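Protein chains in written order, with our numbering: chain D, 1 to 265; chain W, 266 to 736.
Right, one structure below, let's go through it.
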């Protein structure tokens, strides 16, 4: 499959949250994509897409960061983002943020076409929906139940509802148990969770109850910001359910194997 | 109605602690919300219908002056009178003047959200006119002296036990346990009022410009009774409710009813064109249509907010909204709650007074997904946040706290390049030391304790991703 074609070249935008709080997720993403034959680069000057300030209304603070992203990835063939929310910022909100600035708008429109969230990238760009062939050497002795939380921006800004589920279902030894109201927000919402911690907390509690009701040992999502909220809530409540990024789930399933030419150090 | 939108945080906190409200809100997801989804999925070409509905609204709102003039002509030609009210006071005065001139003592009312904007019931009482709501939900909240909790289900926060108690207290009825008995009691009470009333006041779901027709959607038939039994009928509605043609009405009714309750058609759809004609069997002798601006011009004038006038008040965004499903309708402090209310209420009553509302959203987009005319509500909330934080279009409403502005300046500085990130994140790693244990933070000092009361927080990783990459 991918071996017969020239390798796909893609740039990583790991997001500030993964860089600083969840670097293991970034590593998992690299291992998975490298195993899929993708040649990766990581522009070292990257920091943040600017979304927190944009969502809070401070667009003049969001813009300089957004412009940096536009410049850093100007020549990338593809940009892969392990977050539905940060990918939405680039693909959907940059063109809006710069709608009155023709030069930046042009760059934003171009970048939007090349930017993909991780599950979209694997399924829609690489054309891979089945990872079974990569997980051949992984012993799937017993089936493990996981449940999936559908991140809001991935679903409603990017319109990606099937890709991640298809990948999860392809994994041997993994049983996807859908939770009730999987598409309902976990209550994070960035500054929303700080401005209205109790409303956010009430939304979180519903989400946690629905996760527990599935009997799954892990909850998987495509966004570390949701996982920060959900995982934080699970841990506070003393739950054994783990919160796991899709990249980690895929990485586990293919045995965390590293290609010899990996860029991970 | 006196806005209480300044009190959103307190009202929301109270609702979160109210077990009855929490319990009733739980029903919305599997009730109205799933009913809408089922109804739209069962409708062939729903998406196309939705696009057509949006296009009709966009066209009408873009040419509102033209269609409003047409309404004035056609309603007048049908024998009715049209009054354009610039605000709720003007509308109220007009209604009271007309009522007083006809010696009205008792007015029956169909459901009208605009009359809630006007606080009409209290104003009528002050003028010596008894108003009686005839929609069952509105009747209940009128007895309770409350405001609607939901656009289409005003009393959805009340249990049947609470309604029974209310009837006992206000109507002197015995306790009742069956909803059907409560409904029968309301029907008995209202029957007398329908017969005695001198005036009917209703809203209008739509006003058809080419024919001068007012369309009302009800499930109780009270719309028909209110428009046909009394001698005088006044319909009050927002000026954005105009549609060009009867064909457009057909499309909008399909969208509205399916999105509101999941029904293919409501039990009653009533259309009224002017007063009773000489060969009509029934109908009022006199018909007035009051079209209310009350701040809608501000929405019309702002290209970023104009599409809020496409709203057909189906309530789908309320049912879809996980925040509304937690705080309910009264928390929003004015007539329109939920996602569309977070736009309309501040814009109609004062953006800075309602500054908490645009932020009371996780921007999850469920409202946008549910809206039958595809109103991009999250985008407007973002725009309003921007105006409150640093925008130029409403300078008098720029009210973001200085501390917040400084926080974002610092945040921006910390991320302005990789060296700056290194310095700031290094500093943060030092500061987190007393709080972090095994990579997790269990407790943070205020104001961040609000987060850690309910969740742990991840500590900054000792080795960020950028250090794990071989360049």
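Beta carbons: idealized from backbone N, C-alpha and C, even for Gly.
Please read these numbers as outputs of a predicted model, since none were measured by experiment.
So, is the C-beta of residue 659 of chain W closer than 9 Å to a C-beta in chain D?
no
Could you please give me the residues that DSSP links to residue 503 of chain W through a beta bridge?
Beta bridge pairing from DSSP links residue 503 of chain W with W/557.
State buried or exposed for residue 693 of chain W, treating a residue as buried only when at least 16 other CB atoms are found within 10 Å of its CB.
exposed
Mind checking whether residue 532 of chain W and residue 525 of chain W have CB atoms under 9 Å apart?
no
Please give the ranges of any beta strand (DSSP E) in the stretch 182-214 of chain D, keeping only runs that are unbroken, at least 3 residues long and fully inside the region.
none
Please tell me whether residue 611 of chain W and residue 619 of chain W are closer than 9 Å, where the distance is taken between their beta carbons.
A contact, by the Cβ cut-off of 9 Å.
With 9 Å as the threshold, decide whether the Cβ of residue 587 of chain W is near any Cβ in chain D.
With 9 Å as the cut-off, residue 587 of chain W counts as an interface residue toward chain D.
Kindly give me the distance between the Cβ atoms of residue 477 of chain W and residue 336 of chain W, rounded to whole angstroms, as I take these residues to be in contact under 8 Å.
Their Cβ separation, rounded to whole angstroms, is 6 Å, which keeps residue 477 of chain W and residue 336 of chain W in contact under 8 Å.
Could you check if residue 15 of chain D is buried or exposed, using at least 16 other CB atoms within 10 Å of its CB as the buried criterion?
Classification of residue 15 of chain D: buried, given that the 10 Å Cβ count is 16 or more.
Distance between residue 464 of chain W and residue 364 of chain W (C-alpha atoms, nearest Å)
7 Å
Consult DSSP for residue 1 of chain D and reduce its assignment to one of helix, strand or coil.
Note that residue 1 of chain D scores 48 on pLDDT, short of 50, meaning its location in the model is unreliable and no value can be drawn from it.
Kindly list the residues whose CB is nearer than 7 Å to the CB of residue 582 of chain W, restricted to its own chain and excluding five residues on each side of it in sequence; keep chain order.
603, 604, 605, 632, 635, 636, 642
Out of curiosity, what's the CA-to-CA distance linking residue 415 of chain W and residue 594 of chain W?
6 Å
Beta-carbon separation (whole angstroms), residue 108 of chain D vs residue 70 of chain D, contact threshold 8 Å
Indeed, because the Cβ distance is near 6 Å, the residues count as touching under 8 Å.
Quick check on residue 29 of chain D: does DSSP put it in helix, strand or coil?
helix
Chain D partners of residue 634 of chain W, CB-CB under 7 Å?
156
Closest to residue 366 of chain W by C-alpha separation, out of W/344, W/393, W/378, would be which residue?
The candidate whose alpha carbon is nearest that of residue 366 of chain W is W/393.
Contacts of residue 655 of chain W in chain D (Cβ-Cβ under 8 Å):
Correct list: 57, 58, 59, 60.
Neighbourhood of residue 1 of chain D by C-beta, 6 Å cutoff - its chain only, sequence neighbours within 5 removed:
Summary for residue 1 of chain D: the model assigns pLDDT 48, below 50, so the residue's position carries little reliability, and this model does not support an answer.
Taking C-beta pairs closer than 8 Å, name the residues in chain W that residue 152 of chain D reaches, listed in chain order.
Within chain W, the residues near residue 152 of chain D are 627, 628, 629, 630, 631.
Please classify residue 99 of chain D as buried or exposed, where buried requires at least 16 neighbouring CB atoms within 10 angstroms.
It is exposed - the Cβ of residue 99 of chain D has fewer than 16 other Cβ atoms within 10 Å.
CB-CB under 6 Å to residue 77 of chain D, same chain, minus the five flanking residues each way: which ones, in chain order?
9
Step through the CB atoms of chain D and report whether any lies within less than 9 Å of the CB of residue 669 of chain W.
yes
Could you pull out every residue in the same chain whose Cβ sits closer than 6 Å to the Cβ of residue 321 of chain W, ignoring the five residues on either side in sequence?
513
Assuming residue 685 of chain W is part of the beta strand (DSSP E), what are its boundary residues?
Not the beta strand (DSSP E): residue 685 of chain W falls in the alpha helix (DSSP H), residues 683-697.
Measure the C-alpha to C-alpha separation of residue 133 of chain D and residue 250 of chain D and round it to an integer number of angstroms.
12 Å
Mind checking which residues open and close the beta strand (DSSP E) that includes residue 9 of chain D?
9-12
Considering only their Cβ atoms, is the gap separating residue 481 of chain W from residue 469 of chain W smaller than 9 Å?
yes
Could you tell me whether the Cβ of residue 183 of chain D comes closer than 9 Å to any Cβ of chain W?
yes
Per DSSP, the bridge partner or partners of residue 398 of chain W
W/374
Which residues does DSSP pair with residue 245 of chain D in a beta bridge?
The partner list for residue 245 of chain D (beta bridge, DSSP) reads D/221.
Coil, strand or helix - residue 174 of chain D by DSSP:
Residue 174 of chain D sits in a strand when the DSSP states are folded into three classes.
Under 9 Å between C-beta atoms of residue 230 of chain D and residue 149 of chain D
yes
From W/615, W/412, W/330, W/483, residue whose alpha carbon lies closest to that of residue 507 of chain W
W/330
Going by alpha carbons, who is nearest to residue 182 of chain D out of D/197, D/102, D/226?
D/226
Is residue 246 of chain D close to chain W, meaning its C-beta is less than 9 Å from at least one C-beta of that chain?
False, the Cβ-Cβ gap to chain W never drops below 9 Å.
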